[in-house]
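Engineer:
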Amino acid sequence: MSQNRLKLLFGIGAIIFSVVAVALLLVGILAVSYDTAPFVKIMVIVIAALCLILAGELVYMFLLEGDTAPNYFLYDTQAKRNIPVQKMTFQMVNGRMNRFLAGYAPSEGKLWTDGVLDNPYLEMEDKFKPAVAYKLLYDLAEKDTEQGWMCFEIASEGTIEFICNALDMNHDVDLSRTLRQMKASKPFNLKYFRDYIVNNRSYLKSKLGHYIYDNIQLF
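Residue numbers for the sequence shown follow this note's numbering, beginning at 285 and rising by one.
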């Protein structure tokens, strides 16, 4: 069951128990005014009190549910709860993406050149793919090394398609189109590619951070 649906159920349950509790309290008040058996009066009040307690517990669970399910980018291992998304920094996003990519290859260079991303049996959730594309491109601009730029040149067509398709998933069609054109150009213009990515470093950083922020509920 999804987190949002579970929170909805908690909220609905709290409302139902609150309404039942109020109704029973009204019945109890009326029972005091009439010649009703003491046992019935006591039971009505006890059940109303239990309903109020249950409603309170459900409200408590409703408020805390967002913190109990660990979010990949928000979970604080020391506090053992998610931090508010407003406190998420790019450094946190970047660090978690480094950890995520390390699960697929010992280095980002290997991701570009060893056919990891064009493996038809690659097990990677779609929600991570745009983040992976922005991260790989951003790191090329951030590190700005000749070895990094050559990774794009020698990467397989399938690897570049993985990155471009991931960008398309985030509706970044202009960037994906440009990358496809650069990869297809003969001879490959390494300097042009390098200048383009470096000049768009801030853009890539912003897109990575905003993609995670805007889709944080998926993680």
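C-beta atoms are modelled at their ideal positions from N, C-alpha and C, and glycine is treated no differently.
Let me confirm a value: Phe-301 is counted as buried when at least 16 other C-beta atoms fall within 10 Å, else exposed. Which label applies?
Structural biologist: buried
Engineer: Out of curiosity, what's the CA-to-CA distance linking Arg-383 and Phe-472?
Structural biologist: 32 Å
Engineer: What ranges does the alpha helix (DSSP H) occupy inside the stretch 380 to 444, keeping only unbroken runs of at least 4 residues that lie completely in it?
Structural biologist: 392 to 397, 413 to 427, 430 to 438
Engineer: Assign Tyr-495 to one of two classes, buried (16 or more other C-beta atoms within 10 Å of its C-beta) or exposed (fewer than that).
Structural biologist: buried
Engineer: So, Gly-524 versus Gly-442, is the Cβ gap smaller than 9 Å?
Structural biologist: This structure leaves residue 524 out entirely; the chain is present only between 285 and 503.
Engineer: If I'm right that Val-343 touches Ala-298 with Cβ under 8 Å, what's the distance once you round it to whole angstroms?
Structural biologist: 5 Å
Engineer: Within its chain, find whatever has a CB closer than 6 Å to the CB of Ile-447; leave out the 5 residues flanking it on each side and keep chain order.
Structural biologist: Ala-417
Engineer: Ignore the nearest five residues each way along the sequence and tell me which others in Gln-375's own chain have a CB closer than 7 Å to its CB.
Structural biologist: none
Engineer: Mark Leu-421 as exposed unless 16 or more other C-beta atoms lie within 10 angstroms of its C-beta, in which case mark it buried.
Structural biologist: buried
Engineer: Between which two residues does the alpha helix (DSSP H) carrying Tyr-356 extend?
Structural biologist: Here Tyr-356 belongs to no alpha helix (DSSP H), and DSSP marks it neither H nor E.
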